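Chemist:
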Amino acid sequence: GQQLNQSPQSMFIQEGEDVSMNCTSSSIFNTWLWYKQDPGEGPVLLIALYKAGELTSNGRLTAQFGITRKDSFLNISASIPSDVGIYFCAGGRVSSNTGKLIFGQGTTLQVKP
Amino acid sequence: DAGVIQSPRHEVTEMGQEVTLRCKPISGHNSLFWYRQTMMRGLELLIYFNNNVPIDDSGMPEDRFSAKMPNASFSTLKIQPSEPRDSAVYFCASSYPGFDNQPQHFGDGTRLSIL
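In order, the protein sequences belong to chains W and L.
Count along the first sequence from 1, add 827, and you get the number used in this note's numbering.
Count along the second sequence from 1, add 5, and you get the number used in this note's numbering.
#1: Exposed or buried, which one is N56 of chain L when buried takes at least 16 other CB atoms within 10 Å?
#2: Using C-beta distances below 6 Å, list every residue in its chain close to E844 of chain W, excluding the 5 sequence neighbours before and after it, in chain order.
#3: Is the region 868-880 of chain W close to the region 891-906 of chain W, with three or more CB pairs under 8 Å?
#4: Do you know whose CA, among W:R920, W:V846, W:G931 and W:M848, lies nearest T858 of chain W's CA?
#5: Which residues, in chain order, does the region 863-889 of chain W contribute to contact with chain C at a C-beta distance below 8 Å?
#6: Check each candidate in W:P866, W:T883 and W:L860 and name the one with the smallest Cα separation from D910 of chain W.
#7: Whole angstroms is fine: what's the gap from T115 of chain L's alpha carbon to S80 of chain L's?
#8: Can at least three beta-carbon pairs, one atom from the region 79-97 of chain L and one from the region 34-51 of chain L, be found at a separation below 8 Å?
#9: Taking only runs that begin and end inside the region 845-911 of chain W, name each unbroken beta strand (DSSP E) of 3 or more residues, in chain order.
#10: Would you mind telling me which residues of chain L sit closer than 7 Å to T935 of chain W, beta carbon to beta carbon, in chain order?
#11: Report the residue from L:Q109, L:C97, L:H110 and L:Q107 whose alpha carbon sits nearest the alpha carbon of P13 of chain L.
#12: Around the C-beta of M45 of chain L, are 16 or more other C-beta atoms found within 10 angstroms, so that it is buried, or is it exposed?
#13: What span of residues does the beta strand (DSSP E) with A77 of chain L cover, start to end?
#14: Taking C-alpha atoms, which residue in L:E88, L:E23, L:V24 and L:P75 lies nearest to V58 of chain L?
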C-alpha cells in the first residue's frame, strides 16, 4: 500500500540544539502536513503545506514542501524540553476529495535539559 | 470552538465483551476517520466516512470490528467480541476537505485495554 518513509525514527538531543526530520514517498502528494503528538493526547497540527516548494514557519518550526512533491522536511530550531513528543508527517491528495491522509511512522523526539 | 470529542477516554474490559467507542466530529466537518495506534504498528487508518457514507473500510482488521455514522455529528466504532490484541489507543479525526484539502483534526483518543 501507500507509504511514507519518515526519518529518523527517534532522536535524543540536548536542549538548544536544532532538529531536522523528513518524509519521502514514491508517490506525489498535493498536501504535506506535520503533526505533533504529546503523551496521552491526539496528534495536533503544526504546519500545513499546499504548494510545491513552499516554505512555511510557525515560531521555531520550519517546514518545506519538496519541489518533486514527493518529500517534505521539518526543522525545529533551539529545541526546548516541551518539544518532546512524536512528530508525524502526512501526505494528502486533493483528487481524493475525502481528506484521506497517508501518515509516516513518526519521529520520537527526546530533549535533554 | 469544540474540537473532536471522543468517549470514553479510557476503557478496561474483559475479553469477549462488546466495546463501543464514540466520536463527535467538529461541527461542519463532513469527513470522519477512525485510527488505531500501537507501538508495533504505529497509526493505522481503520475506516473513514464522507458525508456519513463509509468510503473505505479496508483497514478494519476483522469482522469483529464495525463502524457506523448515523448522522453528521456522531460515529461509533464497535468491537464484538473483543480480544486482548485489540488493546490500543483509538483516535477519531474529522476534516472538511472541500476543494483545498483542509487538514484533519484529532480527538484525544480512547485508550482501550482488553484483559
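Backbone N, C-alpha and C define an ideal beta-carbon position, used for all residues, glycine too.
Because the structure is a prediction, the values reported are computed rather than measured.
Modeler: Inspection of the coordinates gives the following:
#1: exposed
#2: S906
#3: yes
#4: For the residues W:R920, W:V846, W:G931 and W:M848, the minimum Cα distance to T858 of chain W belongs to W:R920.
#5: This model lacks chain C altogether; the protein chains it does include are W and L.
#6: W:P866
#7: 14 Å
#8: yes
#9: 846-851, 858-864, 871-876, 882-885, 888-892 and 898-903
#10: Neighbours of T935 of chain W on chain L: none; closest Cβ ~11 Å, over 7 Å.
#11: L:C97
#12: exposed
#13: It is not in any beta strand (DSSP E) - A77 of chain L carries neither H nor E in the DSSP assignment.
#14: The option with the nearest alpha carbon to V58 of chain L is L:P75.
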